[in-house]
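Numbering (the numbering used here), first residue to last: 220 to 812.
Note that beta-carbon positions come from the ideal geometry of N, C-alpha and C, so glycine has one too.
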């Protein structure tokens, strides 16, 4: 039922309630509205009040609309339009009997109105009064023989009431209107089976096939119906007839495989599967489904991946409709840890579908695992041609250039990358982009741009620990905003109290602020957490001890730092100036700025 949502005033509710207590005589009069011949003036008034009621309803003034519709009925008690509108008010207020009666009166006043009857039938459906709903729809089907809607509703209602013969009768009427179709024939087939009339069921599908003798699809449907209902000889004969007409007809080839499987002919089933998978006319989706079934069967039985991979290779050696089968093969190989074998398949995926982002990402992960920086750059650069807004490809490409000490190229890639950042971008990734930009700018001596990049990083993620540490450390090295540096560094130590790098940064900021005793506490914690293997941390430790007056201990740490032949992994190698300064400290036995 088309139910309108009204907001009705208390006055209107009282009026409607009063109407509900009207006598039998009033109801009888209302049930049979007499056709009124209106004068020109009455017609003008009626039209005015009706249009005004419509306007009021659209503006949400439902009580006023109701009164105007009532006034319309005072002018013309037989108005179907006004009766219909009034019925909707009753329905909303829960006075369904009055609403139903008003709707019936509307129909009697305007018997040709399709939608009034549709509303009444829908109301009966909602009330689960199937007999009345069916009666209305039958009347509509008779009155409006060219419309499909009542017949479709009758099919549904007769189905729900298990009136299968009536379903068939209505379906026959639909066929007369719309012609024979697969959907109608299959539904009639189902009805006949439910009624236990198997012969009639198969005749229905046979007739469908005869209706379209040159459409092999309907013949194949007939074969499938035979197969699914245990009529194996008939199914085989049908498939053989189709394949005689068209030997490579994919649906029939696939149905033959089902036939062999259902009749327990496993060797022929496997042979037929092979025929299907090597058939260039078979849709890729069909092959995908078959390969998934093969994989599932293999996992449940032999778990022999060599057979599956060999089959994939044979399939992929043939022309491909799309990249789906190659991607399925690559995914299978990845799950089987066949990294080397999956690389050429992933490359085939990209040759078929150059925009395939998952393939790029998988190849990129392999290159990163192998620390093949040139390969990382190559893959990420290719991916950016098709995905210019994908931040992850800028990120890995820029990092690879940065690790190769190609800072200018890294800066160019990251600068292009940050232009792609928008309100929809992942805030963590955006923060990391600006963090790396900050590192590169500082390395190139562009301190102000570096600090601006770090600020942007913290806008996107105020808790980016890496940014907080590097920003704080570089501020301390430049002896700028040490209070801000201390606050940021302390947050990193609080977040990761055993991180030697963060402990060293905090100790060094305290050193720059002249708080040497506190600095020693944190630098010693850094040493205990692996900092004794870091040239920078060990040298910092010597500097702090020197300022505390422990010059012999300071010299000991400086000499230890100088003796470290290699820097720790991930630590920037010392510059010639830094090496020279450390040696001067040792020679002069004093701290040098």
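(Q) By the DSSP assignment, the alpha helix (DSSP H) with residue 516 in it spans what residues? (A) Segment 503 to 519, the alpha helix (DSSP H) holding residue 516.
Q | Three-pair Cβ contact test at 8 Å for the segment 726 to 737 versus the segment 755 to 763 | A | yes
Q: Alpha carbon to alpha carbon, how far is residue 478 from residue 528? Give it in angstroms, no decimals.
A: Annotation: residue 528 to residue 478 spans about 26 Å, alpha carbon to alpha carbon.
Q: Out of 354, 726, 770, point me to the one whose CA is closest to residue 746's CA.
A: 726
Q: Pick out whichever of 357, 379, 378, 377 has its Cα sitting closest to the Cα of residue 369.
A: 357
Q. With distances taken from CA atoms, which of 633, 565, 304, 295 is nearest residue 274?
A. 304
(Q) According to DSSP, simplified to helix, strand and coil, what is residue 770? (A) helix
Q: Would you tell me roughly how many angstroms separate the C-alpha atoms of residue 724 and residue 696, rounded to the nearest one?
A: 10 Å
Q: Report the option in 608, 618, 801 whose CA atom is closest to the CA atom of residue 640.
A: Comparing Cα-Cα distances from residue 640 to each of 608, 618, 801, the minimum goes to 608.
Q.
Less than 8 Å between the C-beta atoms of residue 472 and residue 494, yes or no?
A. Cβ atoms of residue 472 and residue 494: closer than 8 Å.
**Q.** Contact set for residue 465: own chain, Cβ-Cβ below 7 Å, skip 5 residues either direction
**A.** Cβ neighbours of residue 465 beyond the five flanking positions: 435.
Q. In terms of residue numbering, what span does the alpha helix (DSSP H) encompassing residue 606 cover?
A. Segment: none, residue 606 is in no alpha helix (DSSP H) and carries neither H nor E.
Q) Which ranges would you report for the alpha helix (DSSP H) in the segment 553 to 607 if only whole runs of at least 4 residues count? A) 558 to 571, 576 to 588, 592 to 605
**Q.** Backbone CA spacing between residue 250 and residue 328 [nearest angstrom]
**A.** Residue placement at residue 250 cannot be trusted, given a pLDDT of 43 that sits under 50; the coordinates are not used to answer.
Q) Quick one, are the C-beta atoms of residue 410 and residue 383 less than 8 Å apart? A) yes
**Q.** Whole-Å CB distance - residue 555 paired with residue 584, under 8 Å assumed
**A.** Wrong, their Cβ atoms sit about 16 Å apart, outside the cutoff.
Q: Would you grab the beta carbon distance between residue 582 and residue 598 for me? Rounded to a whole angstrom, and I think it's under 8 Å.
A: 5 Å
Q) Between residue 806 and the rest of its own chain, which residues show a CB-CB distance below 6 Å, the 5 nearest in sequence each way excluded? A) none
Q: Report all residues from its chain with a CB closer than 6 Å to the CB of residue 535; omit the five preceding and five following residues, and keep chain order.
A: 545
Q | Runs of alpha helix (DSSP H) wholly within the segment 299 to 350 (minimum 4 residues, chain order) | A | 299 to 311, 315 to 328, 333 to 345
Q) Secondary structure at residue 286, three-state DSSP: helix, strand or coil? A) If DSSP states are grouped into helix, strand and coil, residue 286 belongs with the helices.
Q) Would residue 467 pass as a contact of residue 500 if the rule is Cβ separation under 8 Å? A) yes
Q | DSSP state of residue 232 mapped onto helix, strand, coil | A | Bear in mind that the predicted position of residue 232 carries a pLDDT of just 28, short of 50, making it too unreliable to give a figure here.
**Q.** residue 259 (DSSP reduced to helix, strand or coil)
**A.** helix
Q) Would you say residue 504 and residue 542 are within 8 Å of each other, going by their C-beta atoms? A) no
Q: Could you spell out where the alpha helix (DSSP H) holding residue 640 opens and where it closes?
A: Unbroken run through residue 640: none, as it is neither H nor E.
Q: Can you tell me which of 643, 646, 645, 617 puts its alpha carbon nearest to the alpha carbon of residue 658?
A: 617
Q | Buried versus exposed call for residue 711 [16 or more other C-beta atoms within 10 Å across all chains shown] | A | buried
Q) Is the beta carbon of residue 772 sitting closer than 8 Å to the one on residue 757? A) no
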